[in-house]
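Notes follow once the structure below has been shown.
There are 2 protein chains.
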Amino acid sequence: MHTVEEALAQIAEALGAVRVRGESVPLAEALGRVLLADVRMDHDVPPFRRAAMDGFALATAEVEPGATFRIEQAVMAGEVPSGPIAGDAAARVMTGAPVPDGAVCVVPFEWTHDDGQTVTIDRVPRRPVHIVERGDHVAAGDVVLAAGAPVTPAALGALASAGVAAPEVALRPRVAIVGTGSELVPVDHTPGPGAIRNSNNATIAGQCRRAGADAVDLGIAPDDEDALRAAIRAGLEHDVLVLSGGVSRGDLDLVPGCLEAEGVRCLFHRWSVQPGGPLWLGAKQTPGGVRLVFGLPGNPAGVFVGFEVLVVPALRALLGMGLAPRRTLRARYQGPWGKPGPRRRFRPVILATDDRGMLVARAAPWRGSGDPFGLAGGDALAVFPESAPLPSGDHALVDVIPVHEADLLWGTR
Amino acid sequence: MHTVEEALAQIAEALGAVRVRGESVPLAEALGRVLLADVRMDHDVPPFRRAAMDGFALATAEVEPGATFRIEQAVMAGEVPSGPIAGDAAARVMTGAPVPDGAVCVVPFEWTHDDGQTVTIDRVPRRPVHIVERGDHVAAGDVVLAAGAPVTPAALGALASAGVAAPEVALRPRVAIVGTGSELVPVDHTPGPGAIRNSNNATIAGQCRRAGADAVDLGIAPDDEDALRAAIRAGLEHDVLVLSGGVSRGDLDLVPGCLEAEGVRCLFHRWSVQPGGPLWLGAKQTPGGVRLVFGLPGNPAGVFVGFEVLVVPALRALLGMGLAPRRTLRARYQGPWGKPGPRRRFRPVILATDDRGMLVARAAPWRGSGDPFGLAGGDALAVFPESAPLPSGDHALVDVIPVHEADLLWGTR
Chain A
58 MHTVEEALAQ IAEALGAVRV RGESVPLAEA LGRVLLADVR MDHDVPPFRR
108 AAMDGFALAT AEVEPGATFR IEQAVMAGEV PSGPIAGDAA ARVMTGAPVP
158 DGAVCVVPFE WTHDDGQTVT IDRVPRRPVH IVERGDHVAA GDVVLAAGAP
208 VTPAALGALA SAGVAAPEVA LRPRVAIVGT GSELVPVDHT PGPGAIRNSN
258 NATIAGQCRR AGADAVDLGI APDDEDALRA AIRAGLEHDV LVLSGGVSRG
308 DLDLVPGCLE AEGVRCLFHR WSVQPGGPLW LGAKQTPGGV RLVFGLPGNP
358 AGVFVGFEVL VVPALRALLG MGLAPRRTLR ARYQGPWGKP GPRRRFRPVI
408 LATDDRGMLV ARAAPWRGSG DPFGLAGGDA LAVFPESAPL PSGDHALVDV
458 IPVHEADLLW GTR
Chain B
58 MHTVEEALAQ IAEALGAVRV RGESVPLAEA LGRVLLADVR MDHDVPPFRR
108 AAMDGFALAT AEVEPGATFR IEQAVMAGEV PSGPIAGDAA ARVMTGAPVP
158 DGAVCVVPFE WTHDDGQTVT IDRVPRRPVH IVERGDHVAA GDVVLAAGAP
208 VTPAALGALA SAGVAAPEVA LRPRVAIVGT GSELVPVDHT PGPGAIRNSN
258 NATIAGQCRR AGADAVDLGI APDDEDALRA AIRAGLEHDV LVLSGGVSRG
308 DLDLVPGCLE AEGVRCLFHR WSVQPGGPLW LGAKQTPGGV RLVFGLPGNP
358 AGVFVGFEVL VVPALRALLG MGLAPRRTLR ARYQGPWGKP GPRRRFRPVI
408 LATDDRGMLV ARAAPWRGSG DPFGLAGGDA LAVFPESAPL PSGDHALVDV
458 IPVHEADLLW GTR
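Put into structure tokens, the structure is as follows:
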């Protein structure tokens, strides 16, 4: 039985050195994509010495209250000064406008009064003040966004400032999804006796998209060798194949055998994780590159945990972000601990902070691995280490993996 | 000058009772959308008493080690039992398969040995064991997802289980975006003297999409009354209009006047927030409903903060999630405090937890309101209350608003 760390090491070895393929997309479609290369600024920001306030630019900061200056020019944002200023000359300048050469400060309008020709200073500025120097924020050539960074709204603004109208981003990995089992019916069917709707494909497709990949839903393969092998062949046309169900050791768990018959090499067949011990990982070398194949268990909780803990890191690696375990935060756990065992346990929790700034992970309702709704009720997974003694008291700390960012941001629970 | 709370109250009053319009979308396109109505389960889950393990179903749990049973039938997942069991009859059952009537426990294969006709029990089960009762997870008619909930990957699975192949979700609000100022040039232009690229439209478009709205980029309006009014008229065809720039009291700050000339009623013109004091909020009644108009400041930091703190709650209200301030977490702040003032200050921070489970907000580099990159470096905004004394020591607590969920989840910093 592989630990989580051993499973990730197997994926790293199977993938080898990842050559990330890229494409150029319009800025308006770049949100959530991952940058393929460093983005450098093409010019100084700001590109000129500019006014940080609406006011009068002066050539001296040694001013007494009551001093007067001749208004020689006016510079709006988008304009250029008509020339330098010196001595008792002043320039009316707007926020964001270039200040004339020779200007050493800008006195805000509120500190002055003027008749259009002459301005009188009422309050004295400190020096240098309300002028932003050229290149103060970023110098030409500086890296403003690094390769492997996800494109956030603020990053879109940085790309726009750098003149990158069509950034190079990593191609989304294409993930084929196959639900297996003769008991499965499509979502729009009413299940007959003994049958259940295929919910795993929908969850997995959402997890793929959330992780930056494209989901290709290949539907249901029944417990029939020919049908299953045909679905596997179709799935292997994609970068990653994720199946659910059929990987236990039951009489009709045909998935491992069919995968091996299609040339997929088994890397391991169980991992020491609960929910979802049976998890088949394999890889196949094809002319198009390495295909990773994940045979997730059939129960919804095992699917969700296996995808978040193992498939998401693999997809991140394919996106050029490096292969790393999921990020964890440290939180105080509130809820039942269950029985410690030889397997690492993952349980849904709801995150919040208390008034002392402590991150608190409250157990979400959990009715066991077969419950399709248990994991929808949490915004993170708490990690109970394998074979660890039960913590006690108020200060029971656990690692948590945030998984539902929308909840964390919107606080909908 | 309005506080954040007064500004939100103005939006609530201008919007009145929001009637959310909905549409039906295929499950594969529902990720990130907001549910219009409660989703109820159409059947018991599980829909039948089912086996939770591969093993032998028995009609008694009073078993001694060495007891033998006749193997009368086998039930695979997706099949139905051929009849009830009683006495010394056993049924071979697979995980997920219905157990025959009369079954009270399932003894896992590992605890038995058999010759195909007779099974011998090696270890004795506790009772009742490895059978999930009908309706144990959810009963028919129970609400499994509530109106106003965002659709997460786990929610997709719940929708699929409930047979909802085309959920009703709130229409995305359509947000028109206009950057104002003659100094602005499009992203793919090289700025000449005094000019800068329009980065705000790209950031705002990303913020819209992240908040569940559609962004309609109407480009740049120069400091010209006719051009600006034409852009405003085009913008008022959408649910929300967001402008940036031109709302200070400078000579060319034409936005407020042009908005009022187009019939938009001013609700307020400044709020007590830093960065971005000038912020014009207005509303116009149209046959299509109330149009909200946000005149954000021109500097990138003021745009970002104004959008996250004020526009996002408005968009959430239009999505049927209710009008509420942004969710905050409580964190220990590490960084400079700056000078307390009469305005509420927002600063970019990077979130992590320490080994005691404390949420720590570390100041991200910040070069002032005009820096287009300062806010891209944080994953949350720290909130410094107006006019509060500076905290001191190790336990300085602040509220933080998480804003870049990708960073929080992926830990890319």
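Which chain is which? The protein sequence lines are A and B, in order. Just so we're aligned: 194 in our numbering is position 137 of the first sequence, and the numbers increase by one with no gaps anywhere. Just so we're aligned: 277 in our numbering is position 220 of the second sequence, and the numbers increase by one with no gaps anywhere. All C-beta atoms, glycine included, are put in the ideal place defined by N, C-alpha and C. All values reported here derive from a predicted model rather than from experimental measurement.
{"Asked": "DSSP-derived helix/strand/coil call for residue 90 of chain A", "Found": "coil"}
{"Asked": "Close beta carbons around residue 440 of chain A, own chain, < 8 Å, minus the five adjacent residues each side", "Found": "385, 401, 402, 403, 455, 456, 457 and 458"}
{"Asked": "Identity of the residues DSSP links to residue 420 of chain A by a beta bridge", "Found": "A:406"}
{"Asked": "Nearest to residue 274 of chain B (by Cα), restricted to the options B:303, B:233 and B:337", "Found": "B:233"}
{"Asked": "Residue nearest to residue 377 of chain B in terms of C-alpha spacing, selected from B:186, B:98, B:228 and B:133", "Found": "B:228"}
{"Asked": "Whole-angstrom distance between residue 303 of chain A and residue 333 of chain B, CA atom to CA atom", "Found": "57 Å"}
{"Asked": "8 Å Cβ cutoff met for residue 123 of chain B and residue 209 of chain B", "Found": "no"}
{"Asked": "Nearest to residue 125 of chain B (by Cα), restricted to the options B:131, B:134, B:60 and B:148", "Found": "B:148"}
{"Asked": "Delimiting residues of the beta strand (DSSP E) encompassing residue 233 of chain B", "Found": "231-237"}
{"Asked": "Start-to-end residues for the beta strand (DSSP E) that takes in residue 49 of chain B", "Found": "In the structure displayed, chain B extends from 58 to 470; residue 49 of chain B sits before or after that span and is not available."}
{"Asked": "Continuous beta strand (DSSP E) assignments of at least 3 residues falling wholly in the region 230-297 of chain B", "Found": "231-237 and 271-278"}
{"Asked": "Start and end residues, alpha helix (DSSP H) containing residue 363 of chain B", "Found": "357-363"}
{"Asked": "Residue 256 of chain A versus residue 220 of chain B - alpha carbon distance", "Found": "9 Å"}
{"Asked": "CB contact below 8 Å: residue 463 of chain A versus chain B", "Found": "Low per-residue confidence applies at residue 463 of chain A: pLDDT is 45, beneath 50, and the placement is therefore not dependable enough to give any value."}
{"Asked": "Cβ contact (3+ pairs, closer than 8 Å) linking the region 77-92 of chain B and the region 131-144 of chain B", "Found": "no"}
{"Asked": "Residue 63 of chain A versus residue 92 of chain B - alpha carbon distance", "Found": "40 Å"}
{"Asked": "Supposed close pair residue 115 of chain B, residue 380 of chain B - CB separation, criterion 8 Å", "Found": "Actually they are not in contact, since the Cβ atoms of residue 115 of chain B and residue 380 of chain B sit about 58 Å apart, beyond 8 Å."}
{"Asked": "Chain-order list of residues whose beta-carbon lies under 7 Å from that of residue 399 of chain A (same chain, five-residue window excluded)", "Found": "329, 443 and 444"}
{"Asked": "Cα-Cα separation, residue 165 of chain B to residue 410 of chain A", "Found": "43 Å"}
{"Asked": "Close Cβ partners of residue 174 of chain B (< 8 Å) along its chain, the five nearest in sequence each way excluded", "Found": "127 and 128"}
{"Asked": "Boundaries of the alpha helix (DSSP H) in which residue 68 of chain A is found, first to last residue", "Found": "61-72"}
{"Asked": "Close-in-space but distant-in-sequence residues of the same chain around residue 370 of chain A (CB under 8 Å, 5 per side omitted)", "Found": "65, 68, 380, 381, 382 and 383"}
{"Asked": "Supposed close pair residue 201 of chain A, residue 430 of chain B - CB separation, criterion 8 Å", "Found": "6 Å"}
{"Asked": "Collapsed DSSP secondary structure at residue 434 of chain B in the structure displayed", "Found": "helix"}
{"Asked": "is_contact[residue 406 of chain B, chain A] using C-beta, thresh 8 Å", "Found": "no"}
{"Asked": "Of the listed residues B:193, B:161, B:112 and B:153, nearest to residue 170 of chain B (C-alpha basis)", "Found": "B:112"}
{"Asked": "CB of residue 240 of chain A within 8 Å of CB of residue 223 of chain A, strictly", "Found": "no"}
{"Asked": "CB contact flag (residue 311 of chain B, residue 416 of chain A, <8 Å)", "Found": "no"}
{"Asked": "Chain A within 8 Å of residue 260 of chain B, Cβ atoms only", "Found": "yes"}
{"Asked": "Beta carbon proximity, residue 410 of chain B to chain A, threshold 8 Å", "Found": "yes"}
{"Asked": "Minimum Cβ-Cβ distance from residue 67 of chain A to chain B less than 8 Å", "Found": "no"}
{"Asked": "Paired residues, beta bridge with residue 178 of chain B - DSSP", "Found": "B:169"}
{"Asked": "Endpoints, the beta strand (DSSP E) within which residue 129 of chain B is located", "Found": "125-132"}
{"Asked": "Cβ neighbours of residue 319 of chain B in the same chain (closer than 8 Å, five flanking residues each side left out)", "Found": "286, 289, 290, 293 and 341"}
{"Asked": "For residue 373 of chain A, the three-state DSSP class (helix, strand or coil)", "Found": "helix"}
{"Asked": "Chain A contacts from the region 113-143 of chain B (Cβ-Cβ distance under 9 Å)", "Found": "131, 132, 133, 134, 135, 136, 137 and 138"}
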